[in-house]
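K.L.:
The C-terminal residue of the sequence shown carries number 485 in the numbering used here, and the numbering is unbroken. What follows is a structure written as structure tokens; I'll ask about it next.
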Amino acid sequence: MWAELLPVGRDEATGGYHRFAWTPAELECRAWFLDEARRRDLDVEHDANGNMFAWWLPADGSRGDAVLTGSHLDSVPGGGAFDGPLGIVSAFAALDDLRGRGVTPRRPIGIGAFAEEEGARFGVACLGSRLLSGAIDPARARGLTDADGHTFAEVMHNAGFDPEAIGPDDGLLARISCYVELHVEQGRALDEPVGVASAIVPHGRWRFDFAGEGNHAGTTGLSDRRDPMLPFAHMVIAAREAAERNGTVATVGKIKVVPGGVNAIPSSVTAWLDARGPLDDAVRRTVKDVDEAARVAARPHRVSVDFAEESYTEIVDFNLALRDRITATLGGVPVLPTGAGHDAGVLSARLPAAMLFVRNPTGVSHAPAEFAEPADRLAGVEALTAVLDDLTRG
Ligand code: GLV
Ligand code: MN
Ligand code: MN
Ligand code: MN
């Protein structure tokens with residue numbers, strides 16, 4: 092399965108993946124998913140939010156009380172091969188293992204591919220699972236725009252969906268008894284092949300718009316400038332300092348400079364802050380500190396600062412009963428929290444959710460060096476097979 096998926100959306104120069112929701116590379120990944128589902132004679136379902144499901148139904152065709160696994164196929168800009176696809180490839184492989192053993196499911200087993208998990212195109216992470224579970228207002232989602240100014244509504248319409256129909260699907264959620272997502276571990280926290288998630292730390296995204304005055308880089312004296320780049324530069328350093336003070340992490344990984352000329356003072360700089368930490372208060376304090384520092388830095392330059400929260404996810408403590416059941420099935424695996432967001436975290440507001448992590452020997456993620464050794468991937472499939480087998484028995 093990897094052989095067909097690996098070249099899709101890969102930049103051969105860097106090895107990084109660019110699979111943004113509803114772009115040709117991601118559509119190719121979706122076609123791959125549907126093909127894998129059809130080859131296994133699974134029942135394919137699309138919800139109104141662009142999420143896809145492939146169901147292995149019991150002999151009586153019943154659809155309720157299902158066990159769902161899966162992950163996502165989209166990527167961050169220049170992402171790794173495993174963040175997302177590992178969960179889906181492993182799910183198909185686990186299903187093959189169960190079939191190979193002659194298991195016939197008493198309850199449906201589903202493989203989900205959630206849309207726009209990374210939020211790399213429209214800015215809100217886990218957009219597909221947020222819409223499905225009612226964690227985002229559909230009207231707000233319709234108005235989200237990509238870098239070219241296309242709205243989510245427009246893109247959904249062009250992909251063959253009715254943008255007015257997006258939103259929570261309580262009927263679908265009611266059919267799912269639990270969700271178990273397998274994912275590559277994204278840091279250096281796991282030193283065994285497979286682990287189980289305890290929690291996802293609080294995390295969010297904030298946008299800072301610095302507006303000044305565009306002007307000529309050669310003819311405009313320093314005292315005449317209203318240069319938004321200067322308070323922006325302060326803000327980046329302030330984010331690092333606020334994170335150190337508050338015991339959090341903070342990142343500015345995306346900016347937009349207008350107009351972006353070497354010989355022009357920018358008229359505006361937009362910067363996105365990602366902040367995360369073990370405690371809600373500490374994350375909130377970090378963001379407040381950065382906002383204050385940005386405003387103080389902007390004043391002498393006569394630059395305005397607008398600030399908006401784009402998304403925030405409070406701490407997710409995964410369902411303890413499900414986690415205990417999984418650790419009992421797997422026996423003695425490490426249980427660890429993560430600083431990465433996942434659809435499992437969003438869905439856990441509506442149903443019992445859990446995660447399996449597969450060791451990442453590089454400790455790198457959201458970058459081409461992200462990796463999982465073949466032997467560890469196999470251990471991941473074996474673990475997922477055992478968990479699905481257990482969960483669909485009783
Ligand atoms: C998504 O992977 C995130 O944690 O940002
Ligand atoms: Mn990711
Ligand atoms: Mn992911
Ligand atoms: Mn994620």
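The beta-carbon is built from N, C-alpha and C at its ideal position, and this holds for glycine as well. On a predicted model such as this, the values are computed, not experimentally measured, just so you know.
If you measure between the beta carbons of A116 and V135, is that distance less than 9 Å?
P.N.:
Counting from 1 along the sequence shown, the entry for residue 116 is found at position 25. Counting from 1 along the sequence shown, the entry for residue 135 is found at position 44. No. Outside cutoff.
K.L.:
What is the chain-ordered set of residues for which the beta carbon lies under 5 Å from any non-hydrogen atom of ligand 3?
P.N.:
In chain order, the hits are D174 and G175.
K.L.:
Using DSSP with H/G/I as helix, E/B as strand and the rest coil, what is I356?
P.N.:
Position 265 of the sequence shown, counted from the first residue, corresponds to residue 356. Reduced to three states, the DSSP call for I356 is strand.
K.L.:
Relative to the alpha-carbon of D33, which residue among G203, P465, L148 and R375 has its alpha-carbon at the smallest distance?
P.N.:
Only positions 92 to 485 of the chain appear in the structure, and residue 33 is not among them; the question remains open.
K.L.:
Does DSSP put P425 in a helix, a strand or coil?
P.N.:
The sequence position of residue 425 within the sequence shown is 334, counting from 1. Of the three classes helix, strand and coil, the one that applies to P425 here is coil, per DSSP.
K.L.:
Buried or exposed: which applies to N354, given that a residue is buried once 16 or more other Cβ atoms fall within 10 Å of its Cβ?
P.N.:
The count along the sequence shown starts at 1 and reaches residue 354 at position 263. By the 10 Å Cβ count, N354 comes out exposed.
K.L.:
Does the Cβ of E207 have 16 or more other Cβ atoms within 10 Å, making it buried, or fewer, making it exposed?
P.N.:
Walking along the sequence shown from the start, residue 207 turns up at place 116. Its Cβ being crowded by 16 or more others within 10 Å, E207 is buried.
K.L.:
So H137 is in the beta strand (DSSP E); what residue range does that whole segment cover?
P.N.:
Here residue 137 refers to the residue found at position 46 of the sequence shown. From DSSP, the beta strand (DSSP E) with H137 extends over D134 to H137.
K.L.:
State the Cα-Cα distance for the pair W297 and A477, rounded to the nearest angstrom.
P.N.:
Here residue 297 refers to the residue found at position 206 when the sequence shown is read from its first residue. Here residue 477 refers to the residue found at position 386 when the sequence shown is read from its first residue. Straight-line Cα distance between these residues: approximately 40 Å.
K.L.:
Taking only three categories from DSSP, how would you classify N306?
P.N.:
What you label residue 306 is simply residue 215 of the sequence shown in a count that begins at 1. Reduced to three states, the DSSP call for N306 is strand.
K.L.:
Measure the C-alpha to C-alpha separation of R317 and G106 and round it to an integer number of angstroms.
P.N.:
Here the question's residue 317 lines up with position 226 in the sequence shown. Here the question's residue 106 lines up with position 15 in the sequence shown. The straight-line gap from Cα to Cα measures roughly 40 Å.
K.L.:
If you measure from the CB of V167, is any heavy atom of ligand 2 nearer than 8 Å?
P.N.:
For the purposes of this step, residue 167 is taken as the residue at position 76 of the sequence shown. Yes, the Cβ of V167 comes within 8 Å of a heavy atom of ligand 2.
K.L.:
Under 8 Å from any heavy atom of ligand 1, does the C-beta of D138 make it?
P.N.:
Within the sequence shown, residue 138 is the residue found at index 47, counting from 1. It does not: the Cβ of D138 is nowhere closer than 8 Å to a heavy atom of ligand 1.
K.L.:
Anyone know if the C-beta pair for L281 and P425 falls short of 9 Å?
P.N.:
The residue labelled residue 281 in the question sits at position 190 within the sequence shown. The residue labelled residue 425 in the question sits at position 334 within the sequence shown. Yes, the Cβ-Cβ distance between L281 and P425 is below 9 Å.
K.L.:
Grab me the residues of R367's own chain with a C-beta within less than 7 Å of its C-beta, minus the 5 sequence neighbours each way, in chain order.
P.N.:
Start at 1 with the first residue of the sequence shown, and residue 367 comes out as number 276. Result list for R367: V292, P293, H294, T339, V340, V374 and G430, in chain order.
K.L.:
Return the bridge partner residues of D365 from the DSSP annotation.
P.N.:
As a position in the sequence shown, residue 365 is number 274, starting the count at 1. R296 and T342.
K.L.:
Classify H307 as buried or exposed, calling it buried when 16 or more other Cβ atoms lie within 10 Å of its own Cβ.
P.N.:
Counted from its first residue, the sequence shown places residue 307 at position 216. H307 should be labelled exposed.
K.L.:
At least one CB of chain C closer than 9 Å to the CB of A333: is that the case?
P.N.:
The chain labelled as chain C is not found in the depicted structure, where only one protein chain is given.
K.L.:
Given this structure, state the Cα-to-Cα distance separating G210 from V167, to the nearest angstrom.
P.N.:
Mapped onto the sequence shown, residue 210 falls at position 119. Mapped onto the sequence shown, residue 167 falls at position 76. Going from the Cα of G210 to the Cα of V167 covers about 8 Å.
K.L.:
Alpha carbon to alpha carbon, how far is H274 from P391?
P.N.:
On the sequence shown, position 183 is the one that residue 274 refers to. On the sequence shown, position 300 is the one that residue 391 refers to. Near 47 Å, if we compare the C-alpha coordinates of P391 and H274.
K.L.:
Based on Cα-Cα distance, which residue from D382, G312, R376 and D300 lies nearest to I346?
P.N.:
As a position in the sequence shown, residue 346 is number 255, starting the count at 1. Residue D300 is the option with its Cα nearest to I346.
K.L.:
Take D315 as the anchor and find which of E461, E304, D239 and D365 has the nearest alpha-carbon.
P.N.:
Position 224 of the sequence shown, counting from 1, holds the residue named residue 315. Among E461, E304, D239 and D365, the Cα nearest to that of D315 belongs to E304.
K.L.:
Within 10 angstroms of its Cβ, does S153 collect 16 or more other Cβ (buried), or is it exposed?
P.N.:
Position 62 of the sequence shown, counted from the first residue, corresponds to residue 153. Under this definition S153 is an exposed residue.
K.L.:
Determine the extent of the beta strand (DSSP E) in which C47 is found, giving its start and end residues.
P.N.:
In the structure as shown, the chain begins at 92 and stops at 485. Residue 47 is therefore absent and cannot be evaluated.
K.L.:
I'd like to confirm the pairing. Which residues does DSSP put opposite M446 in its beta bridges?
P.N.:
Translated into the one-based positions of the sequence shown, residue 446 becomes position 355. Per DSSP, E272.
K.L.:
Would you check if there are 3 or more beta carbon pairs closer than 8 Å linking the stretch 168-181 to the stretch 212-219?
P.N.:
The stretch 168-181 is not in contact with the stretch 212-219.
K.L.:
Given 8 Å as the limit, is there contact between the stretch 252-262 and the stretch 173-180, that is, 3 or more CB pairs closer than that?
P.N.:
Segments in contact, no.
K.L.:
Would you tell me roughly how many angstroms separate the C-alpha atoms of P524 and C269, rounded to the nearest one?
P.N.:
Given a span of 92 to 485 for the chain in the structure shown, any question on residue 524 remains unanswerable.
K.L.:
Can you give me the start and stop residues for the alpha helix (DSSP H) that L558 sits inside?
P.N.:
This structure gives no information on residue 558, because the portion of the chain shown stretches from 92 to 485.
K.L.:
Starting from G430 and walking both ways along the beta strand (DSSP E), at which residues does that stretch end?
P.N.:
The residue given as residue 430 occupies position 339 in the sequence shown. Premise fails: G430 is in no beta strand (DSSP E) and is neither H nor E.
K.L.:
Counting C-beta neighbours from all protein chains within 10 Å, is the total for A238 16 or more, i.e. buried, or is it exposed?
P.N.:
To locate residue 238, count along the sequence shown from 1; it is residue 147. Flag for A238 reads exposed.
K.L.:
Report the CB separation of A256 from L427 in whole angstroms; it is logged as a contact under 8 Å.
P.N.:
Taking the sequence shown and counting its residues from 1, the one referred to as residue 256 is at position 165. Taking the sequence shown and counting its residues from 1, the one referred to as residue 427 is at position 336. With a Cβ gap of about 38 Å, A256 and L427 do not count as contacting.
K.L.:
Do you know offhand how far S181's Cα is from V472's?
P.N.:
Against the sequence shown, residue 181 aligns to sequence position 90. Against the sequence shown, residue 472 aligns to sequence position 381. Approximately 5 Å, taken between the alpha carbons.
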